[in-house]
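Single-structure report; data block below.
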Amino acid sequence: MNADPVFLAVAAAMVAGALGTALCKNVLHAALSLVLCFFATAILYLLLHAEFNALAQTMVYVGGILVFMVFAILMTSRLGEKDLESGAGRRAAALLVSGAFLFAVVQAVSGAEELLSLRKAANEGFASFGDVGRLLLSPAEGGQLVAFELATALLLAALVGVVAVARRPAPKSDPEEEERR
Amino acid sequence: MSSPLLLSAIWVVPLLAAFATLFLKRDDHLAVKLVHAVCHGGNLLLAISLLVSFLAETEGALPASGTVTQLHFAMDRIWIPALNIHYNVGVDGLSMLMILLTAMIIFAGVFASWGIRDRAREFFILLDLLVAGVYGTFMSFDLFALFLFYEVAVLPMYLLIGVWGTGRKEYSAMKLTLMLVAGSALLMGGILALYFGSHLQTFDLNVLSQYPFPRSFQRLFFPILFFGFGVLSAIFPFHTWSPDGHASAPTAVSMLHAGVLMKLGGYGILRVAMYVLPEGATEWFPWLILPIAVNVAYGPFVALRQRDLKYITAYSSVSHLGLVLLGLAVCTFTGIKGSAMQMISHGLLTGLFFALIGMIYGRTHTRNVDEMGGLMKRMPFLGVSFVLAGFAGLGLPGLSGFVAESTIFLGAFENPSAVVRGCTVVAILSIVTTAVYILRAANRMLHGPLPERFGTLTDAVWNERLAVIVLLIGLFGMGLFPGWIADALDGSVAPLFNNLVRAVVP
Amino acid sequence: MTLPSILPDVALLALAALLLLAGLAGNEKSERLAFPAAIGGTALLFLLSLLVQPSPEKFLGCWSVTPAGLHFRQLFLFATLLVEAFARSYFRRGGDGKGPLERGSEFLATLHLVLLGAFAVVSVDNLLALFVGLELATIPLYCLVAWRAGDRRGGEAAVKYVVMGAGASCFDLFSFSYLYGLAGSLDFGAVATRVASIQDGSGSSGLLRVAVAALFAGVGFKLTIFPFQMWAPDVYEGAPTPVTLLLSVVSKSAAVAFLLVLMHGPLAPALAKTQELVLLLSALTMTVGNLGAIHQRHLRRFMAYSSVAQAGFILAALVGPADRATGAALFYLFVYAATNTLAFAVFAVAGEERGETFECLRGLSRRSPALAGILAVCMFSLAGIPPVAGFVGKFFLFSSAASAGHYLFVVFAALNGTLSLYYYLHVLREAYIVPEEEGKENGALRVDPLQKVLLGCLLLAVVLLGLLPQLSDFLSR
Amino acid sequence: MTGFSLSAVLVLAALLFAVGLYGLLSRRNLIGMLLCVELMLNAANVNLVAFARFESGDPASGALLSVFSIAIAGAEMAVALAILVAMHRRRRTLDADELNELQG
Amino acid sequence: MENAAALPFALRHVWIVLALPLLSFVLNGLWTCRKKESWSGPISTVLAGANWIFGTLCVWQWWKASAGLPGRSMVPWSFDWLTFGQLGTFRPLTAGIGALLDPISAMMVFVVATIAFFVHVYSIGYMREDPARGRFFPLLSLFAFAMLGLVLATNVFQMYVFWELVGVSSYQLIGFWYHKPSAVAASKKAFIVTRFADAFFLLGIVVLAWVVRSFDFSVLNSAAAAEALLRPVSFGFFEAPALPVAAALVFAGGWGKSAMFPLHIWLPDAMEGPTPVSSIIHSATMVVAGVFLSARMFPLFSAVPSVMGLIAFVGAFTAAFAAVVAIAQQDIKRILAFSTLSQIGYMLFALGAAAVCGGGVLVAGYSASMFHVFTHAFFKCLLFLVAGSVIHVAGNNMLSCMGGLRTKMPLTYLSALAATLAISGIPPFSGFWSKDEIVASAFQAGHPVLGTVGLLVGALTAFYMFRFFFLIFHGEARSDRSHAHEDRWMTFPIVCLAIPSLCAGILAKPLFESAFRPRLLPWVQAVEGTHAAFVPVAATLLALLGAVAAWFLYCGPKADVARALDAEHRPAWYRLVYRKFCIDEIWLFVVRRILFERVAAPIKWFDRKIVDGAMNLVGKSVVLAGWCVNALQNGSLATALAFAAGGFILVWLLAGNLFP
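Residue numbers (this note's numbering), protein chains in the order written: chain A, 1 to 181; chain B, 1 to 506; chain C, 1 to 477; chain D, 1 to 104; chain E, 1 to 660.
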């Protein structure tokens, strides 16, 4: 495949970010390297002419999810706490499994080349805002309005659940007393 | 007075009795027992009246030449449309007699367990469930209904033996239940194979028996069905649950279990395995006769060395059941008829044995034959009944054992193959070892000097006498006048035999 | 006047919203009203679903009420009704040795949203809505499992459940991405045609193979299939008991629905292949579930392994042809829902003070014979012994498997049933045979009226479904 | 300009998924594991977009699915972190190996 | 069956012969043995008497009615009891119950009825003090019912049915005093030994039924049956022509019941029972059943020379063996037991020897054997009754406590003398005629060796019978005789039986020679043969020699009675004979050591440990597997995730062969 320099650079950035997330002992470093990876992905989406995705990726993933991930990290880990180191055996097993997965998928993908050529490549602006919007909200045959409604219900449920779970318990039953039960 | 509803009433009455017991208070044991005495007494009378009208109907009828069993008091209602399952109930000679046998044994069982105090309600409810299951199995001609009732009969065993048993009751209860349910697991596969293998989408036995299953199909599924049912009738390698189970079970349960439930196995083989897969039967039986012969000859030897009365009776049941299976395995008309008679005779016989052992244990609180002696002086009624039961066991003419055994031996000898002949000769000579261990037990217990600690034992009270007399009437009835039983069984064995013959030489 | 078939779904959404408002009100009165409203509402919905007729027309583009879908709706509503009736005493009096749970109305609202997700799974016809429906049926469950995260074990269970769930949803999404890649569109029909063309050899099936494997990984988590069921015992033990029941009944039914929809929807052409895979997984699952349950002493862990084994048995039905498999699975899930709730109700009553372990059942037959009787009926139904419903249910499962010709597999499954009988009888051993320690002879059992009603109705359901299973034929219509 | 082919992107996504899986299995810090889950979800999204771009009959729905998955991932992470925080308040630790009170 | 109307009354209702004892058994068994103990004796005796009268009437009317019939055999009454095999490729096989009257069965009916009556009368006296007499009389009438049933059997199946009933009633009667362990052991031994033989008998019946498809004697003894039996039949372990095997098996039944060597061990022990029991069962009726069976199957047996030879040899050997052992016995009932063995040996030897060396059958042998059955029944029963009275007086069975009873019990003394003379074969008493016939027929049939054995045994018989007689009645009293007296009830039957012992021989001789002609198979010709003159003379001389020797040793002036009674300080051979050649010990060793320890114990161990062990092993392995699954569940999130991911790989691999 003709090595396109821009694609290779983006791919390298993504892989570096991913490896950083998986391997850094300090969770904060891991979070930051994940941010790098997500930015690289957004650029890849641009390369693939999926502007809407790139936008969603940067705003929701990086802006939203990663921000409160970092908050969670800061809230739960006390400074100077030593980082957790996992045993060699577990790492070896993880490597074996993930390697097997990679082999399986690569073997599948390589075989799939001729299958994919059956259809034409999409034109540039396929995932433009207009198309995605029409697809999203049209109640007609092809539309995905149902999915949109379900998503709203899902976010609502998550919201209610999070509040119910993470609210500080009422003062009357403090944890120590619960300890004794 | 022979409408099909009465036939279904037979297995509904015990359930009504169980339902009624739910509303009784925990501590008035007498009420519970009275309810059950009345219900099972009524059931016995119902069974007798059905038998009388059955005999009237089949008076002088020449045995059918067809291959389909004629059903009397038949009733056929759709039950589960999804799988075309019918509540197809009917009775032929064998089923009618087995229902009568069950009625007699449960009637005697209720009176034999008059002494149950602890949680009497639960005991009798489970007993009713057990009996309802047995009744249902004997009268249903739909494979699914038969299998459902068959497993219902196995269900209460664990609790009955576990709660009210003696000795290593938990171990024996679990072992018995698991081996029987494992057997019925084989049946589940077999029954569904018949249903789907025949593409007829029906569970009706008479229809399935006419379907020409391919030979390879029969070769694979006959042993599955045979050992599925065989486990319950203590076929050689799977008989180990019988001694432990019966030794630990309370009186009424071991009476019912050895007396009737073990016959379900033989009945199942006869009604399902041989009737629906005749070629499989004729192909496999020459090999299956070996474990059966081991069953017959092996039981008495082990019983010889036993000290516990219940173990002796349990091993005698293993041997007698072996005779039942021998009768089936030889595939001759007389043999099959003999095994049917042996089912009935052994039912009465073992029922009486376990009832007496329960009563004697109630008095001497030991079942070890060596510790007892000279009991005949203190309890002549029980002693004489035990001796009579013993003689019925070893096949004394005038009692039911002889009639059945001689029919089986005559039938078995008709099978010309050398292996079967060898097994028949061994079976005939094993009546000697049977006599040895029965007399050894009877003499050790009843005769000889009376130990002083048994000096004050009392003889049987009224309820025990009633139980024993009912069964003795059965023993003598079949022993002295076997004619009418033989004719009734002709009607039910003939179609099965014609089916077998049709299979061997199509 | 024929009710519009969409009515139950809309009504469910309304009920969820109503409960949310009650939760927001936050005062004592609305808190007390929440449960009666929820139970009444769900009961009404269940009746409604019984009256509604399925119709082929599609609402809002992809939402349709198929006959099987309608039956699944009835199943979900029936199961949720049971869970709510069961959960009420935990919110009122507490149970399992811990205090009462708080925020009842929010609990119920979240529960109903999970139900909506399950409805979605059986009603949609494209991958996107299916994925969102599945996530809607799962993510609120994380919150429900974590309802008492403040407790030592509750927190641990919730964490395990969340992390495993997240991993599973990754595999799900990955599988959907490949399915989309194959078919070029999210619509089930397109995917089906593409799979059909692969099946008759016009393209390499590597992608399809990975997609199916990832799919089974995803659904395996939710349906506790063998390699993916390690989380079940810990979460069943840690989560509050009503949520454990919810997991074992509603979540499992949703997972079965999801698998059925996929196997007979987009992957229909490869049905023979997927059935073989299901066969192997079913055998593994039931064996591991049975073996695990033998040594259990904690009741909820015991029920966890039992539900893993039951999942194995339900999978056995999926091996059969489409209509028979769906009918059998539906009937068995109805019976399983009733029996499991009955079992949990008995454990709740028996284990209120002593904690839900085997010891709390000791001597139950003397203390309250009725409860012991119900426990016996329950255990025999789970083990599949006649005359109670479990037997007929199991028979349907095995008949579906046998109709595909796997007779020896049926024998293997039945032997596994015998193995399951072994540990179910151990429960009865505690109740009937093991003598009560002295001093604790007459621990009176407090059974409040709703629990009495619940126990009574369920006992009737389990016994009647066994004796007159004509009720099952309405499923296979 | 299609300077790169579909299979290259697919392989890249698979690599990302594999690294995420490795991280999920090997890390002990729970939030680290969640990060890796994010990574895996992102890999799946790349897959979707790649398929939409290169050979899809209906490209918009592919992109839409990836957008939805981003939203759902957000919800999921919110719930997950809420649970972690609640658990941390009680158990004072985020180490996965310490959470083994429920076993047997 | 002849048209019932023409038959006279008694023959039309011949079933009454069976009904009366059965009625007595049922009546006494259920009613009197509990309520009115004392009534059971008289009731059963009255019924036995009625049965005796009706029996004789039947025999008389049979004798007149059967004049013209071939072989004088007729079946006045029978009904189908049980049918085997209604269908299938074989003709239906039915077993009936009925009454076949022909010379031997009529004779046996008369003998059994007579002896039963006299023993009943005797028992009233003998059992007067015994508290359990209420149980004794029903059992006695049950035995009479069973024996009459056996004798009147029309087919071999009916004979087997009553054969077993006879075995059971003898078991009950031998073990009557069940508080005595020795009686219990004796009854068990009797039943098991006879049961052992009956198993072979049943096998024989089954083989006959399979080949001939009928049980009736008329069919079995027919030529067609004999040809059918010649075809080879497989017995599983070997293949052989059915005729010799079936005949041998059927005879084996008789072998055990008539206590021939080596199955004789149960008869001496059977003396544990009350003496009236021994007098009827172990002297005249049951033990003769074997001879009766052989006589009934004589036409079939006569077609098989090997079986006839076997019968002859067994009979002769047992006669000799028993006679030798009887000499050294101290217990008077044991002496009589062995004498019975010896006499039955004679009867069988007569039947066996009827087969002439060069083929053909000597009819005289058959009639001689039946004649001896007839005469022996009376004097042997008389001897046992005498022994009973003597034991009543002396207190126990041993000769050492007897002696000098001549003066105290004159009538018993005279009857005993008559019986002893009869059994020793001194002319003109009955024993001489029948025993002489047997020995003569042996010589006529060309078996000189067997004949001489017969003669010698005759001498021995005379010797030990007169030893028995002198040691009891003569010499000085060896125990106190203060209350010795002759009980009226006991003495009356003794005197009555003395008459037939004396004159039965002369009167019945012509009758037996004319009427008792067996119907032989067509290809077996009947040989008449001449009467060897020297035999009666030799027999009488030998008998007198035996008697004089006994007088010289035990009753004469120089008799050393003390030494005669002391069995311990005797030469080794004497002690061996006294201990009955230790046959009992050998059987005990075989049964206990081999059958119990070496066979039953290993099977029990195999059953409990191997078969049971295997089942438990399966259980334990499942539980172990359960433990492993739990161990795997160590609660750590990492393992759960690892399993999940591993699971994906597993499913991917499984899907490998599904999606190529």
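Glycine included, C-beta positions come from ideal geometry on N, C-alpha and C.
Residues that DSSP places opposite Gly96/E in a beta bridge = Asp80/E
Could you tell me which chain E residues have their CB closer than 8 Å to the CB of Met376/B, listed as they occur along the chain?
-> Tyr178
Is Asn415/B near the ligand GDP, going by C-beta to nearest heavy atom under 8 Å?
-> The model on display carries no ligand, and the ligand GDP is accordingly not part of it.
Spatial neighbours of His239/B in its chain, beta-carbon cut-off 6 Å, leaving aside the 5 residues before and after | If we look at His239/B and ignore the five residues flanking it on each side, its Cβ neighbours are Val318.
Close-in-space but distant-in-sequence residues of the same chain around Gly351/B (CB under 7 Å, 5 per side omitted) = Ile105, Ala108, Met255, Gly259 and Leu471
Give the DSSP bridge partners of Ile80/B, in chain order.
-> Ile85/B
Give the secondary structure of Gln103/D by DSSP, where H, G and I count as helix, E and B as strand, and everything else as coil.
-> coil
Would you identify the three-state DSSP class for Ser482/E, choosing helix, strand or coil?
-> coil
If the cut is a Cβ gap below 7 Å, which residues of chain E does Ala100/A touch?
-> Ile649
So, does the CB of Glu279/B fall closer than 9 Å to a CB anywhere in chain C?
-> no
Between Tyr180/C and chain B, is there a C-beta pair that is closer than 9 Å?
-> no
Cutoff 9 Å: Leu65/D Cβ touching any chain C Cβ | Put simply, the CB of Leu65/D is near chain C, with a gap under 9 Å to one of its CB atoms.
Going straight from the alpha carbon of Ala144/E to that of Glu371/B, what length do you get?
-> 36 Å
Should Ile43/A be flagged as near chain D, meaning a C-beta pair shorter than 9 Å?
-> no
Just mark Ser110/A as buried or exposed, buried being the case when its beta carbon has 16 or more other beta carbons within 10 Å.
-> exposed
Minimum Cβ-Cβ distance from Gly143/A to chain C less than 9 Å | yes
Applying the criterion that 16 or more other CB atoms from any shown protein chain within 10 Å of the CB defines a buried residue, is Gln53/C buried or exposed?
-> exposed
Can you give me the start and stop residues for the beta strand (DSSP E) that Pro241/E sits inside?
-> Glu239 to Pro241
Beta carbon of Ser430/B, beta carbon of Val231/B: below 9 Å?
-> no
Cβ distance (whole Å) where Val288/C is taken to contact Val590/E below 8 Å = In this structure Val288/C does not touch Val590/E by the C-beta definition: roughly 58 Å separates them, more than the 8 Å allowed.
Identify whether Asn397/E lies in helix, strand or coil by the three-state DSSP scheme.
-> coil
Cross-chain neighbours of Ile91/D in chain C, by beta carbon under 8 Å = The sequence shown places Arg at residue 91/D, rather than the Ile named in the question. What Arg91/D touches in chain C: Arg152, Gly155 and Glu156.
How many angstroms separate the CA atom of Phe301/B from the CA atom of Ala600/E?
-> 5 Å
Alpha-carbon to alpha-carbon, Val278/C and Val410/C | Rounded to the nearest angstrom, the two C-alpha atoms are 14 Å apart.
Cβ-Cβ distance between Ala120/B and Val32/B below 9 Å = yes
Would you kindly check if the distance between the Cβ of Ala145/B and the Cβ of Val12/B is under 9 Å?
-> No, they are not a contact pair.
Contact list for the segment 75-102 of chain C against chain E, Cβ threshold 8 Å = none
For the beta strand (DSSP E) containing Trp63/C, list its first residue and its last residue.
-> First-last of the beta strand (DSSP E) with Trp63/C: Trp63 to Val65.
Extent of the continuous beta strand (DSSP E) to which Val599/E belongs = It is not in any beta strand (DSSP E) - Val599/E carries neither H nor E in the DSSP assignment.
What is the DSSP secondary structure of His120/E, reduced to helix, strand or coil?
-> helix
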